[in-house]
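Accompanying notes for the structure given below.
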Amino acid sequence: MAEAPACCPVCGTDGMRLIYDSASTSSLSSLCQILPGAKIVRYCEECGHLAGNGVADAEAFYETDYRILLDEEDEDQIYDTSGDRIVTRTDHQMAVLSDKIALDPALTVLDYGCAKAAMARKIAAAYPGIGMHLFDVSHMYEPFWDRFVSKDRQAIHQTPEEWNGRFDLVTSFFAFEHIAEPAAAIAHVAQLLKPGGQFYMIVPDISGNAADFIVVDHVNHFTKTSAERLMADAGFDEIDVDQGCHRGALVVFARKSGSARVESDQTAAKEAILAEAQRLAAFWSGAADRIRTNEAASPPGSKAAIYGSGFYGAFIHSNLENPGSTVCFLDQSPWQQGKTLFGIAIIAPGDLPEDVGTVYAGLNPVIARKVMQTQPWAGRQNLQIVYLEESGQ
Ligand SMILES: [Zn+2]
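Below, the structure written as structure tokens:
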């Protein structure tokens, strides 16, 4: 695991403050891979940024190991199921993007850090003829790109010089949290945009997305103040950081300009960020303790299931003293059912075996109780449900 940077990766200020140290021998990636070493988070007093220590040999990790949803073309992640249909993450991202940007087939667009380019493909399908270009730091996505973008509009590791000043719009969906030098990357984006060009970025927000705080490949935990600072320092204006339109994410809009930046007092905003970061540090330390305490109190030989085969479920499994007691993961996602996680079957929640004595709620704490209380087995005798935090917190 790489050491956390001594200097803030956004504003360059020296001497970041230690907020969280998992003190564990391994950490989880955002794809639930177990990687050696602890997760460390530091806070920048100057811009309110939170920086993680990151993955050792990040270049090799993203070239070969970061295989996000490569299995299936149509695979997606669930954003919301509260209505009468499943809304996927890309559906919701498309709705928010369309709301913020006047998309038009005449635009020349670059998707920056696009991975397998699910969003770029969605945009290109909705606006036939749009000038879509793709950029990322791995060759493994090329088979996906080749299906809808010609080779001269693809770039890997570096962009060709003739792309400078070409773009009306640069988009970036969940990429900048992985980039160790975000200030250099945003300067690169500015170079690629036309004067007056628009930049649209979505990154995780630790508010409402506690997992973001401890995943080791997220080297940046952007906050409202640090995202604003990143854009302002790179010469953008019309900066808008929206915390309310995508749960657990910041949606950032900015326009390239050459005008001087306007300073504002962000003391109160930074105090709120620091308090939230300290709350999350306490949450994750407490969650690990709760898992081990409940496990120790269970009768010997009792069987457990983990609800949720995403990050929270993986966190629970990785914190069990005896992970062999877990007989299944439960997940309502049709893309997850039938697969395995750590060699354990992922099944539909309704198929919970009768002899399971403990269900660990491996879900975002914001929704965990609501989801668990609607399960058909919620009131079953001799079944205890373990949450990652006490109610009312
Ligand atoms: Zn900073």
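So the sequence shown is numbered by this note's numbering: it starts at 637 and just counts up by one. Each residue gets a CB set at the ideal place from its N, CA and C atoms; glycine is no exception.
According to the DSSP assignment, glutamate 874 belongs to the beta strand (DSSP E) that extends over 872 to 878. A direct Cα-to-Cα measurement between tyrosine 679 and leucine 654 gives close to 6 Å. Less than 8 Å divides the Cβ of lysine 736 from the Cβ of phenylalanine 889. Per DSSP, the unbroken beta strand (DSSP E) holding leucine 746 starts and ends at 744 to 748.
Not one heavy atom of ligand 1 lies closer than 7 Å to the C-beta of histidine 857.
Here lysine 675 is buried, its C-beta having at least 16 other C-beta atoms within 10 Å. Considering only Ser893, Glu957, Ala917 and Asp848, the residue with the shortest C-alpha distance to arginine 883 is Asp848. The region 641 to 653 makes no contact with the region 825 to 836; the number of CB pairs closer than 8 Å stays below 3. Within the DSSP secondary-structure output, arginine 891 pairs in a beta bridge with Gln834 and Asp873. For threonine 859, there is no enclosing beta strand (DSSP E), as DSSP gives it neither H nor E. The C-beta separation of serine 961 from glycine 684 comes to about 42 Å, leaving the pair out of contact by the 8 Å criterion. Exposure of proline 1012 is indicated by the presence of fewer than 16 other C-beta atoms within 10 angstroms of its C-beta. The residues Arg883, Gly884 and Val1002, in chain order, have a CB closer than 7 Å to that of glycine 844 in the same chain once the five nearest residues on each side in sequence are set aside. Aspartate 804: member of the beta strand (DSSP E) spanning 803 to 809, first to last residue. Per DSSP, aspartate 782 is not a residue of any beta strand (DSSP E), being assigned neither H nor E. In this structure, the beta-carbon distance from serine 666 to histidine 854 falls below 8 Å.
Shortest gap from the CB of threonine 649 to any heavy atom of ligand 1: under 7 Å. Linking glycine 871 to methionine 776 through their CA atoms gives a straight-line distance of about 33 Å. With 16 or more other Cβ atoms inside 10 Å of its own Cβ, asparagine 689 counts as buried. Relative to serine 808, the option among Gly767, Pro970, Pro985 and Val839 whose CA is nearest is Val839. 8 Å or more divides the Cβ of valine 995 from the Cβ of alanine 932.
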